[in-house]
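Undergrad:
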Amino acid sequence: MTKKEKYKLARWAMEFALNNGAEAARVSISNNNSSEIEVRDNKIDKLQEANQNSMSIDLYVENKYSSISTNRLNNKEDLEQFIKDAISGTRFLAEDEFRTLPDQELYYKGGGKELKTVDPEFWNLDPQEKVKHAFQIEKEVLGKDERIISMTASYNDSYSGMVMVASNGFEGDKENTSYSVVASVSVKDGDSRPQGYWWESSLNYDQLISEGVGEKALKLTLERLGQK
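To convert, take the position in the sequence shown, counting from 1, and add 25; that gives this note's numbering.
(1) Whether or not the segment 111-124 and the segment 176-183 are in contact is what I'm after, with contact meaning three or more pairs of Cβ atoms, one per stretch, closer than 8 Å; do they touch?
(2) Confirm, please, whether the CB-CB distance from Ile-174 to Arg-218 is below 8 Å.
(3) Less than 8 Å between the beta carbons of Leu-167 and Asn-76, yes or no?
(4) For the alpha helix (DSSP H) containing Ser-113, list its first residue and its last residue.
(5) Anyone know if the C-beta pair for Asp-70 and Glu-61 falls short of 8 Å?
(6) Under the assumption that Ile-82 contacts Ala-38 (Cβ atoms under 8 Å), give the Cβ distance between them as a whole number of angstroms.
(7) Exposed or buried, Ser-209, counting other C-beta atoms within 10 Å across all chains shown (16 or more means buried)?
(8) Would Glu-165 pass as a contact of Gly-239 if the rule is Cβ separation under 8 Å?
(9) Are the CB atoms of Leu-259 and Asp-170 nearer to each other than 8 Å?
(10) According to DSSP, which residues form a beta bridge with Ser-79?
(11) At which residues does the alpha helix (DSSP H) containing Lys-33 begin and terminate?
(12) For Trp-223, which residues of its own chain have a beta-carbon under 6 Å away from its beta-carbon, when the five flanking residues on both sides are left out?
(13) Return the CA-CA distance between Arg-2 and Arg-36, expressed in angstroms with no decimal places.
(14) Identify which residue in Tyr-204, Ile-112, Asp-144, Ser-55 has its Cα closest to the Cα of Val-156.
(15) Where does Gly-239 sit, in a helix, a strand or coil, going by DSSP?
(16) Under a three-way DSSP split, which group does Leu-98 fall into?
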């Protein structure tokens, strides 16, 4: 779902709530994309991709407040009934006259420094390059110590974006990307099984450090040998 599509749907949901009994409303629409690759014993053990959209609505009805959410966004008739039912249910709640939308004057007006929380290359990454990170980390550990019982290396990335609209004038959006790699090592030490891990993360792919992650995880694990 594009940012434009999210804004369009959020504005529609807000107007529908206002036209069906809500005195005020705030709508947020989020989407999350993520991938996870895990390798073990020189093979891909887990390969997972996820894409999820969701909507949350804060309703202010007759000095009463409720918050609802759903990830079923494809059918407007279902959304209409969902919002109507929520407004009806809100009327049964206790009043809270102090629960309101923030003062309009307190809203962010723009003009701030760009935080650069989104990697523009996120959607262009080669899946094979992601896999290489995990295998490189595993390679740093395999065969390095006969006491190693198991070693798992993983690569993860995610994108999240959200738009928000409020009936007293606010509209805003945010988005960010993240990348991480993790190594987990377990070794045999008599009857115990010491375990250690190391991870690195970054907002941008080209700044992600995977080299040395496996070695550091193994080093930390071996340092736990003999501990009681």
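Every residue gets a Cβ at the ideal spot worked out from N, C-alpha and C, and that includes glycine.
TA: From the atom records:
(1) No, the segment 176-183 does not touch the segment 111-124.
(2) Taking a C-beta distance under 8 Å as the contact criterion, Arg-218 and Ile-174 qualify as a contact pair.
(3) Their beta carbons are not under 8 Å apart, which means Leu-167 does not touch Asn-76 by this criterion.
(4) From DSSP, the alpha helix (DSSP H) with Ser-113 extends over 101-115.
(5) No. Outside cutoff.
(6) The Cβ separation is near 6 Å, so the contact holds.
(7) Looking at its Cβ environment, which holds 16 or more other Cβ atoms inside 10 Å, Ser-209 is buried.
(8) Yes.
(9) As shown, the chain starts at 26 and ends at 253. That puts residue 259 outside it, with no answer to give.
(10) Its beta-bridge partners are Ser-55.
(11) Here the alpha helix (DSSP H) through Lys-33 covers 28-43.
(12) Once the five neighbours on either side are set aside, the close Cβ partners of Trp-223 are Ala-208, Val-238, Lys-241, Ala-242.
(13) There is simply no residue 2 to check, as the chain begins at 26 and stops at 253 in what is shown.
(14) Per the Cα distances, Tyr-204.
(15) In the structure shown, Gly-239 sits in a helix (DSSP, three-state: H, G or I).
(16) Note: Leu-98 maps to coil in three-state DSSP.
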